[in-house]
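Quick notes on the structure that follows.
Numbering (UniProt numbering), first residue to last: 1 to 129.
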C-alpha cells in the first residue's frame with residue numbers, strides 16, 4: 001500500500017466507518033454449536049489422522065513422523081516433579097493416550113483414560129565413567 005493511499009484512507013476514516021455501520025449486510029450465517037463427543041466410545045479418524053494412518057500402512061518401517069531424542073540431565077533430579085509433569089502433560093493432551101486399532105477392517109481412534117506416570121529409578125553412581 002502506497003503512502004498516498006494510506007493518507008487517503010486515514011483522511012476518510014470517519015466516512016468509511018459511518019458507511020460500514022450503516023450498511024445493511026445480510027447475514028445468512030447459522031450459529032453452530034460445537035458439541036463435545038463422548039470419549040467413552042471408539043471414534044472415527046480425523047482426515048489428518050486418516051492421511052497419517054495411510055502413510056504408515058504404505059511404509060510401515062518409515063520413521064518420518066516420529067521424533068526421537070536423548071537428553072542428558074545433570075544435577076539433582078526431582079523425580080516426583082518430573083512424574084507429575086509428565087502425568088499432567090498426558091492428562092491434558094489426549095492424543096498422547098490415543099491408539100489406532102482396526103475394527104471391522106477400519107482404523108478407529110481409541111482414547112485411554114489419563115494415567116499416572118511412574119518412572120523407574122536406577123542408581124548408577126557405582127558405575128565407572
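Positions of the beta carbon are idealized from the N, C-alpha and C atoms, including for glycine.
| Check | Outcome |
| --- | --- |
| Using a Cβ-Cβ distance cut-off of 9 angstroms, determine whether residue 50 contacts chain C. | The displayed structure is made up of one protein chain only, and chain C is not part of it. |
| Going by the DSSP bridge assignment, what does residue 117 pair with across the sheet? | Partner(s): none; residue 117 has no beta bridge. |
| Compare the beta carbon distance of residue 68 and residue 62 with 9 angstroms and say whether it is the shorter of the two. | no |
| How big is the Cα-Cα spacing for residue 57 and residue 127? | 43 angstroms |
| Hey, residue 90 and residue 96 are a contact pair by Cβ (cut 8 angstroms); roughly how many whole angstroms apart? | 5 angstroms |
| Ignoring anything shorter than 4 residues, give me the alpha helix (DSSP H) runs that lie fully in the UniProt domain "Condensation" (41-127), in order along the chain. | 47-58 and 79-92 |
| Near residue 117, what residues of its chain come up, given a Cβ to Cβ distance below 7 angstroms and the 5 sequence neighbours on each side ignored? | 83, 86, 87 and 90 |
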